[in-house]
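Numbering (this note's numbering), first residue to last: -8 to 153. Ideal placement from N, C-alpha and C gives every residue a C-beta, glycine not left out. This one's a predicted model, so the numbers in the text were calculated from it and none came from an experiment. A short worksheet on the structure shown next.
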């Protein structure tokens, strides 16, 4: 009976260690940060100027100061420039929902950088109230800065159209 208890105790300990390492893993933290970033980037159906301005500092917390964002020919090379562009953007009435799907995370060996491949899905409404869905593949580099994972680089990839 004592051997069975010992084996049971060791098994429980192994499960707890594995669960803890999975729970606190960098990949899991990165996925959570991406979910939070998508939520912060989403625009509610009714958003006033004050709410829009208040959303910008939340977004800033997910971006490195020297973030570099590239979409086609457009390149933005700082957090301030990116936030200024977002602040000027006026979405269609009805809001915008941002989601990151098909997320693949590869954390570097030193656990200070991660390469992410994902599909960014942006859903909005047209004038008639119908859904408009824009999905783009992207690569993102996140870096651990002051203990937080932040976006250091993001690039929308050209996708093949059928």
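- Taking residue 93 as part of the beta strand (DSSP E), name the residues at either end of that continuous run. First-last of the beta strand (DSSP E) with residue 93: 87 to 98.
- Message: Quick check: residue 97 and residue 110, are their CB atoms within less than 8 Å of each other?
- Response: no
- According to DSSP, residues forming a beta bridge with residue 27: In DSSP, residue 27 forms no bridge with anything.
- Which residues bound the beta strand (DSSP E) around residue 134? 122 to 136
- Distance between beta carbons of residue 87 and residue 73, contact taken as under 8 Å: About 16 Å separates the two Cβ atoms, so there is no contact after all.
- Query: Would you say residue 82 and residue 37 are within 8 Å of each other, going by their C-beta atoms?
  - Reply: no
- Task: Give the secondary structure of residue 106 by DSSP, where H, G and I count as helix, E and B as strand, and everything else as coil.
- Result: strand
- Beta-carbon spacing of residue 31, residue 49 below 8 Å: yes
- Reference residue 41; option with closest CA among 134, 142, 78, 117: Considering only alpha carbons, the answer is 78.
- Query: Which residues in the same chain as residue 100 place their Cβ atom closer than 6 Å to its Cβ, once the five residues preceding and following it in sequence are excluded?
  - Reply: Contacts found: none.
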